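> Got a structure for you, written out below as structure tokens; questions coming shortly.
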Amino acid sequence: MYSRELLRLQAENERLKRIAADAREKLEAAMDGTGLCVWQLHVPSGKLIIFNRRWGSMLGFQPKELEASFEVWKAHLHPEDREEVLRHFFDHLHGRSPFYEVQHRMVAKNGAITWVQDRGRVVEWDTRGRPLRVMGTHIDITQEKEYEQALSRLAHKDPLTGLLNRSGLIERFRTLRREGELTLCFIDLDDFKRVNDTLGHRAGDRLLVQLTERLRRLCPPEVVLGRLGGDEFVLLLPWPVHRPHTRQLAQACIDCLDEPFELDNGEGQVGMSMGVEGVREPDDFADVMARADAAMYQVKRAGKRGMAFNTGPVAGHLAGSERQRHAG
């Protein structure tokens, strides 16, 4: 009697194991398809149990090649995110937050970056009230992040030239002014309307693209270039306005228009009027732009094709009327 009951219980146990294994396989398949990973951390030992294979493959490892542990997980946190992620994790572990949740980057075996949404909470404590087990989920959100970053780039870029647009310039302006002294150069092209009127707007667009390429070649990497729209451009120089290199770079930008632009249906010739302003302590972007715009109009009134600082216009080239007299 006893042996028959034991055999029945053993058979039932095997049946339940098969059901559990089948359910786990189905759950793993479902989670792998969604990029979801379920994990459990045994806090005292640091042993990490991953309930599906997604985590290792996401980091570029073969099954059983990567040991699952807290230290291994920590080692694969992106260096720029590690401090914040661990702060969030230990804040929850020490009872300072109701759960652990953070978006961060993981670094794969080959150096590839994966964005993840990580969330967890303590599910078991020991007899002294210390955290014993933490369970959570780990979701691959790389595609969503890449899409979000692409939208952000589009929102801050001029579609024609690829330069920063007004919103992008304002964002960089705020960042740069926190880091140190800053100079703004406001550029308005001379006689650009004539190019549009005689050669067409397509030729005008092509000229703006070629001008962008010339400015990029001239400007050092730390200089920020932007286009406000039409024929208006901005340079943000991360140094003080009185630095000699400011005038040298401004002059080089003006001189780069000496050579006509080769367009599909003819040559385009434009000049450049530039207002140069240093950023003061209370300035926002609109404040310094207003002063740079006023300085630029000093150049326009003086005959175009030059630069103006606070002290007044400084000719970058002969003004148009003087150029004609010399040519005659």
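If you're matching positions, the sequence shown starts at 1 in the UniProt record's numbering and goes up one per residue. Where is the CB? At the ideal position from N, CA and C, for every residue including glycine. Here the structure is a predicted model, which is why all the values come from computation and not from measurement.
1) Starting from Arg178 and walking both ways along the beta strand (DSSP E), at which residues does that stretch end?
2) Using DSSP with H/G/I as helix, E/B as strand and the rest coil, what is Leu318?
3) When you compare only the Cα positions, how much space is there between Thr142 and Val123?
4) So is Ala155 buried or exposed if we call it buried at 16+ other beta carbons inside 10 Å?
5) Could you tell me whether the region 80-93 touches the region 109-117, where touching means 3 or more Cβ pairs closer than 8 Å?
6) Smallest Cα separation from Arg172: which of Leu237, Met307, Thr198?
7) For Gly162, decide whether its Cβ has a neighbour in chain B, counting only Cβ atoms nearer than 9 Å.
8) Looking only at C-alpha atoms, which of Gly266, His104, Arg166 sits nearest to Arg206?
9) So what's Lys304 in DSSP terms, helix, strand or just coil?
10) Curious, which full-length beta strand (DSSP E) runs of at least 3 residues does the region 191-243 contain?
11) With 16 other CB atoms within 10 Å as the buried threshold, where does Asn165 fall?
12) Measure the CB-CB distance between Leu160 and Val209 and report whether it falls below 9 Å.
13) Measure from the alpha carbon of His242 to the alpha carbon of each residue in Leu182, Leu228, Ile254, then state which is nearest.
14) Is the separation between the beta-carbon of Val270 and that of Leu211 shorter than 9 Å?
15) Between Asp190 and Ser273, is the Cβ-Cβ spacing less than 9 Å?
16) Taking Val276 as the reference, which of Ala294, Pro260, Ala286, Phe261 has the closest Cα?
17) If you reduce the DSSP assignment to three classes, tell me which class Lys157 lands in.
18) Would you kindly work out how many angstroms separate the C-alpha atoms of Ala11 and Leu41, rounded to a whole number?
19) What residues in its chain sit with their C-beta under 6 Å from that of Phe285, if we drop five residues either side in the sequence?
20) Alpha helix (DSSP H) containing Val72: first to last residue?
21) From the DSSP output, in three-state form, read off residue 362 for me.
22) If we call anything under 9 Å between Cβ atoms a contact, is Gly162 one with Trp39?
23) Where does Thr142 sit, in a helix, a strand or coil, going by DSSP?
A quick look at the data gives this:
1) Residue mapping note: residue 178 aligns to position 178 of the sequence shown, counting from 1. It is not in any beta strand (DSSP E) - Arg178 instead sits in the alpha helix (DSSP H) that spans 166-179.
2) For the purposes of this step, residue 318 is taken as residue 318 along the sequence shown, with counting starting at 1. Residue confidence is low: Leu318 scores 34 on pLDDT, short of 50, so the model does not pin down where it sits. Its coordinate-derived value is still stated next. Of the three classes helix, strand and coil, the one that applies to Leu318 here is coil, per DSSP.
3) For this step, residue 142 is matched to residue 142 along the sequence shown. For this step, residue 123 is matched to residue 123 along the sequence shown. Near 28 Å, if we compare the C-alpha coordinates of Val123 and Thr142.
4) The residue you call residue 155 lines up with position 155 of the sequence shown. Label assigned to Ala155: exposed.
5) no
6) For the purposes of this step, residue 172 is taken as the residue at position 172 of the sequence shown. If we check each option's Cα against that of Arg172, Leu237 comes out closest.
7) Note that chain B does not occur in the displayed structure, where there is just one protein chain.
8) Taking the first residue of the sequence shown as 1, we reach residue 206 at position 206. The shortest Cα separation from Arg206 among Gly266, His104, Arg166 belongs to Gly266.
9) As a position in the sequence shown, residue 304 is number 304, starting the count at 1. Note: Lys304 maps to coil in three-state DSSP.
10) 224-229, 232-237
11) Reading the sequence shown from its first residue, position 165 is the one you call residue 165. With 16 or more Cβ atoms within 10 Å of its Cβ, Asn165 is classed as buried.
12) Stepping through the sequence shown from its first residue, residue 160 is reached at position 160. Stepping through the sequence shown from its first residue, residue 209 is reached at position 209. Contact: yes.
13) Translated into the one-based positions of the sequence shown, residue 242 becomes position 242. The candidate whose alpha carbon is nearest that of His242 is Leu182.
14) As a working mapping, residue 270 is identified with position 270 in the sequence shown. As a working mapping, residue 211 is identified with position 211 in the sequence shown. Against a cut-off of 9 Å, the Cβ pair of Leu211 and Val270 comes out as a contact.
15) Position 190 of the sequence shown, counted from the first residue, corresponds to residue 190. Position 273 of the sequence shown, counted from the first residue, corresponds to residue 273. Result yes, Cβ atoms of Asp190 and Ser273 sit closer than 9 Å.
16) Indexing the sequence shown from 1 puts residue 276 at position 276. Comparing Cα positions, the closest option is Ala294.
17) Working through the sequence shown from its first residue, we reach residue 157 at position 157. Strand at Lys157.
18) Your numbering for residue 11 matches position 11 in the sequence shown. Your numbering for residue 41 matches position 41 in the sequence shown. Going from the Cα of Ala11 to the Cα of Leu41 covers about 32 Å.
19) Mapped onto the sequence shown, residue 285 falls at position 285. Result list for Phe285: Ile170, Phe173, in chain order.
20) One-based indexing of the sequence shown puts residue 72 at position 72. Counting along the chain, the alpha helix (DSSP H) containing Val72 begins and ends at 70-75.
21) Here the chain has residues from 1 to 328 only, and residue 362 is not among them.
22) Indexing the sequence shown from 1 puts residue 162 at position 162. Indexing the sequence shown from 1 puts residue 39 at position 39. Their beta carbons are not under 9 Å apart, which means Gly162 does not touch Trp39 by this criterion.
23) The residue you call residue 142 lines up with position 142 of the sequence shown. Three-state DSSP puts Thr142 in a helix.
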